[in-house]
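These notes concern the structure reproduced below.
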Amino acid sequence: MQFFPRKFLALCFAVLVTGCGGGSSPGAANSDPASTSPMVLAAGSTFTVTANVSVLVPSGTVVTSTNGNVVTVNGTNNTVSTQAGAVITVPANATGPATDLVTTGQAPTGSVSTAPANITLLAGSATTSFSPADGTGTAAILGGGGHMVVDANGNIIISDRGSLRTVTPGGVVTTRQSANGSDFYEGIAIDAAGNIFGSHSFVASSPASPTVWGASINELTAAGVPQQLLANWENSSSTSSIGVGAMAVDSKGNLYLADVVNNRIVKFPTTGNWNVFAGSGASGDIDGAGASATFTMSFDSEIAIDALNNLFVVSNGLIRKIAPDGTVATIGSRLATTSSAIAIDQAGNIYLAGSGKLYRVSSGGTVTSFAFPNTTEFVSSMVTDKQDNLYVSTRGLGAQIFKIAF
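Each residue of the sequence shown is one higher than the one before, starting from 270 at the first, in our numbering.
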């Protein structure tokens with residue numbers, strides 16, 4: 270298992286567009302910039318776009334917008350929407366056909382935009398995470414470091430030092446269930462009925478030597494009744510973090526746990542016993558079916574799940590997709606992540622956290638990097654709502670939750 274530094278530095282903004290490569294060499298400029306037909310920029314050229322202009326460029330082209338955002342185009346048939354004054358640079362060694370469109374006109378649906386994300390602080394203090402307290406906005410104090418889910422009403426549920434806390438769309442924070450003995454929540458998931466599930470570890474035998482720790486799954490029903498769902502499903506005498514990890518629930522009610530200390534995904538079906546869904550337990554990034562695959566997880570590893578019940582985790586900066594049959598595949602190339610937080614929206618866009626930035630990976634493979642200068646703290650969790658807004662929780666000196674709209 271690999272451990273990552275819990276630090277989140279604010280840096281500049283870059284956008285990467287990825288796709289499949291092409292064949293022939295790019296053409297030369299062949300029309301007036303003001304023409305309604307896009308002109309083609311040749312390798313080695315630099316061009317500053319004005320309003321309502323479109324150009325065609327090959328893979329490798331760099332678009333630098335006036336607000337400092339940078340787009341690097343890789344592949345073919347991508348569309349980048351930018352602003353007048355942006356500088357387009359085509360490297361001399363650019364290869365492939367000039368089929369990527371850069372435009373300052375009306376942004377087509379599905380285009381990559383250089384516009385910044387709209388980021389607002391929803392709740393939490395930037396200066397303290399001690400003595401968690403309910404409140405509104407920055408008056409609320411979060412312990413930080415937990416995982417988030419969103420309920421049917423758009424409320425965020427966050428595990429906060431073993432407790433469950435609710436954050437309304439207006440930023441009002443209340444404690445839903447206090448940590449109390451077996452009622453302890455670390456990783457959490459919520460089903461369509463509003464039942465909340467949580468993972469945690471506990472001392473199974475003490476003062477026996479050696480001490481044995483157990484792993485349990487809890488449930489807080491939609492009616493607010495806490496109960497122990499799976500008590501001591503696994504135990505260990507070597508680590509107190511047994512059974513600690515993020516959770517997800519699929520459309521059939523099956524639960525999944527990122528069993529981080531064992532580098533694997535565990536499945537708890539609605540009937541029958543738990544089983545290893547994916548991962549051999551060894552550290553690595555090998556694709557394959559079920560236990561033949563390997564993961565490199567960290568204590569902040571999360572699980573995202575899409576509408577087709579595919580699971581997604583981050584392993585060494587790689588996005589790993591686990592199909593409903595347990596087959597593991599790597600999506601795209603390695604990104605410079607500083608956290609294993611991951612989320613997915615209804616359109617299939619996947620979100621990750623980097624240093625001073627947030628990545629968005631489209632279902633087609635386009636990677637967009639948005640500046641996230643609002644905090645230097647570590648990103649501990651991410652989740653999206655039905656409107657595809659992204660929520661990011663942080664932990665450090667303080668602990669906060671941010672809302673990001675694109």
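Positions of the beta carbon are idealized from the N, C-alpha and C atoms, including for glycine. Model, not experiment: these values are computed from the prediction.
Query raised in the report: What is the C-beta distance between T319 and A353, in whole angstroms, given that I count them as a contact (C-beta under 8 Å)?
Result: 5 Å
Query - Closer than 7 Å: T596 CB and nearest the ligand ATP heavy atom - result: Ligands displayed in this structure: none; no statement on the ligand ATP is therefore possible.
**Report entry** Beta-carbon gap between T607 and N585 smaller than 8 Å
**Finding:** no
Query - M516 versus G313: straight-line alpha-carbon distance, rounded - result: 49 Å
Query raised in the report: With contact counted as at least three CB pairs below 8 Å, one residue from each stretch, are the region 458-473 and the region 495-512 in contact?
Result: yes
Requested in this report: Over the uninterrupted beta strand (DSSP E) stretch that includes Q669, give me the two end residues.
Outcome: 668-674
Query - Buried versus exposed call for V342 [16 or more other C-beta atoms within 10 Å across all chains shown] - result: buried
Query - Burial state of A598 (16 or more Cβ within 10 Å) - result: exposed
Query raised in the report: In angstroms, rounded to a whole number, what distance separates the CA positions of N347 and F537?
Result: 41 Å
Query raised in the report: Just how far apart, CA to CA, sit I619 and D556?
Result: 19 Å
Report task. Could you tell me whether the region 417-428 touches the region 401-409, using the rule of 3 or more Cβ pairs below 8 Å? Result -> no
Query raised in the report: Cβ atoms of T330 and A363: under 8 Å apart, would you say?
Result: yes
Query - CA-to-CA distance, A384 to L526, given in whole angstroms - result: 36 Å
Query raised in the report: Run through DSSP, which three-state label would S561 get?
Result: helix
**Report entry** Same chain, Cβ closer than 6 Å to S679, five either side skipped, listed in chain order
**Finding:** Given that the chain is displayed from residue 270 to residue 675, the structure contains no residue 679 and the question cannot be resolved.
Query raised in the report: Less than 8 Å separating the beta-carbons of L524 and I486?
Result: yes
Query raised in the report: Can you list, in chain order, the stretches of the beta strand (DSSP E) that have 3 or more residues and sit fully within the region 485-526?
Result: 495-505, 516-518
Query raised in the report: Taking 8 Å as the CB-CB cut-off, is V318 touching chain D?
Result: Absent here is chain D; the protein component of the structure consists of one chain.
Query raised in the report: Looking only at C-alpha atoms, which of A461, D452, N449, A402 sits nearest to T435?
Result: A402
Query raised in the report: Would you report the Cα separation of V661 and S638, rounded to the nearest angstrom?
Result: 15 Å
Query raised in the report: Which residue's Cα is closest to the Cα of N449: V441, A491, G431?
Result: G431
Requested in this report: Identify whether A312 lies in helix, strand or coil by the three-state DSSP scheme.
Outcome: coil
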